[in-house]
Amino acid sequence: MDEWSTLEGLGLATAQLTSLARRGSFSRDDGVSIEFCNFCQENAKHHVLLLTGWDESFLKYGDVISELLQAGINVYAMDWRSQGLSGRHLLDPQVTYVESFDDHLDDLSFFVNQVVVESCGVRTSQLTCLAHSMGGLLSLMAAAGDRGLFQRLVVCSPMIMMKCGMPHFVALWLGRLFCRLGMGSSYAPVQSGVDVSRPITMKLTTDKARLATWERIRRAYPIVAMGGMSNLWVVEAIKAQNWFRARAKQVSVPVLLLEAGVDVFVCTSRPFRELCRAVPSCRRLCYPTTYHEILFEKEWARSHAMKATITFLKSGEYPAPGETTVITPPRLSEEARQKKMKLLLVRFCYVVMGAGLGVAGVAFFKRRGSVLAVRK
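Start counting the sequence shown at 776; every next residue gets the next number (the numbering used here).
Here's what the structure looks like:
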């Protein structure tokens, strides 16, 4: 039984996904197995690469894949080396390790040219790309490097500049120091393994139901859960980000950028502004109250982002180039607003009553203490 059949049995995937999923793997000269899954419908006119972020797997993207398929878009997804279902370099499967981000780019090129083009018969002129976080960085690097893999690109919270808790030059210096000390494959500072039986505490999404779905998938397939990055991974990630930012102007394909307003994983304001200035065809949609994973957010944000993504992948017409559009949550109806105000009023009354009882209680015991003192 493959993964999608298992997830369908758990109520985490649809019968359509199970029936269309075609699993496979490949390896290049180093022998690391890269796992992929393609979803193809007959007579589909549109095709998209789905590139996941760090600590993810294509297994997480069932809802996204379903919507793309319903829109007539075939999907080709792969898990990055040392993550998801793909092979590992190290004995500890929870340590993210890569010797160079060029390995990721070479894996991506192999997947497109040997699997999507050769095996599936899709021309790169037909291919678009939807990428999240780390996948967003790598897709932008591929576009800047003129690898000719796709014609349009949607990046969701791209990891152009990740948040390290310290200046990048300090993190790079520390990472290189640890690597020289023979600790390149060890966890970076404050990184450690995870227990998949425990809830996820990272601020990935404000939608608790979708977060719970990912937790259930991780419990079904613990291999997809990453503990943290290795020292060498941090070094190579920062080098890759620096490489791209220096060459962002070389991106020639149209780009749609989806930005989360409350992102604790990647820097957004300055790097995203610079990207839009460097790439004249870049469009930017900002969702102010969302966390890092917009495609797994509450329905108001997710549905808008998916509609914009599908429209852009199919036609490239939304929104107009150079625009930055802020998407705000829908306002509550008058009835819902009154209901919310009543609830807040009730809570306020409870707080006031509690405070009043507390003050009265303190006064009572003080008075009682004074009376006892007089009697003595």
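Each residue gets a CB set at the ideal place from its N, CA and C atoms; glycine is no exception. In this text, all values refer to a predicted model and were calculated from it rather than measured experimentally.
Asked, Found
"Give every residue of the same chain whose Cβ lies closer than 8 Å to the Cβ of residue 1054, excluding the five residues on either side of it in the sequence, and list them in chain order.", "1023, 1024, 1026, 1030"
"If I measure Cβ to Cβ from residue 953 and keep anything under 8 Å in the same chain, skipping five residues before and after, which residues do I get?", "959, 961, 963, 1006"
"Taking only the alpha-carbon atoms, compute the straight-line gap between residue 982 and residue 1078 and give it to the nearest angstrom.", "13 Å"
"Do residue 910 and residue 826 have their C-beta atoms within less than 8 Å of each other?", "yes"
"Grab the span of the beta strand (DSSP E) containing residue 810 for me, first residue to last.", "808 to 814"
"Would you report the Cα separation of residue 1046 and residue 919, rounded to the nearest angstrom?", "16 Å"
"Compute the Euclidean distance between the alpha carbons of residue 1093 and residue 1122, then round it to the nearest angstrom.", "44 Å"
"Would residue 818 be called buried (16 or more neighbouring beta carbons within 10 Å of its own) or exposed?", "exposed"
"Could you say which of 780, 1037, 1083 lies nearest to residue 846 if we only look at CA atoms?", "1083"
"Nearest-angstrom Cα distance between residue 988 and residue 795?", "21 Å"
"Nearest-angstrom Cα distance between residue 943 and residue 1008?", "14 Å"
"Is the beta carbon of residue 940 less than 8 Å from the beta carbon of residue 869?", "no"
"For residue 1015, collect the residues of the same chain with a Cβ closer than 6 Å to its Cβ; drop the 5 residues on either side in sequence, then sort them by chain order.", "876"
"In chain order, what residues of the same chain have a beta carbon less than 7 Å from the beta carbon of residue 1132, not counting five sequence neighbours either side?", "none"
"Considering only residues of the same chain and omitting the five flanking positions on each side of residue 1099, which have a CB-CB separation below 6 Å?", "1059"
"How is residue 860 classed by DSSP in three states: helix, strand or coil?", "coil"
"In the DSSP output, which residue or residues are listed as bridge partners for residue 1037?", "Note: residue 1037 sits in no beta bridge, so no partner."
"With contact counted as at least three CB pairs below 8 Å, one residue from each stretch, are the region 1062 to 1074 and the region 880 to 896 in contact?", "no"
"With DSSP as the reference, label residue 781 as helix, strand or coil.", "helix"
"Quick one: measure Cβ to Cβ for residue 1033 and residue 1050, integer angstroms, because I've assumed they're closer than 8 Å.", "About 12 Å; that fails the 8 Å criterion."
"Where DSSP assigns a beta bridge to residue 799, which residues make up the other side?", "811"
"Which word fits residue 1103, buried or exposed, when buried means at least 16 other C-beta atoms lie within 10 angstroms of its C-beta?", "exposed"
"Between the Cα of residue 922 and those of 1114, 891, 945, 887, spot the shortest distance and give me the residue it belongs to.", "887"
"Rounded to the nearest angstrom, what separates residue 950 and residue 1011 at their Cα positions?", "9 Å"
"Would the region 987 to 1001 and the region 776 to 791 be scored as touching if the rule is three or more Cβ pairs under 8 Å?", "yes"
"Can you give me the C-alpha to C-alpha distance between residue 930 and residue 1056, rounded to a whole angstrom?", "13 Å"
"I need the straight-line Cα distance from residue 813 to residue 972, nearest angstrom please.", "29 Å"
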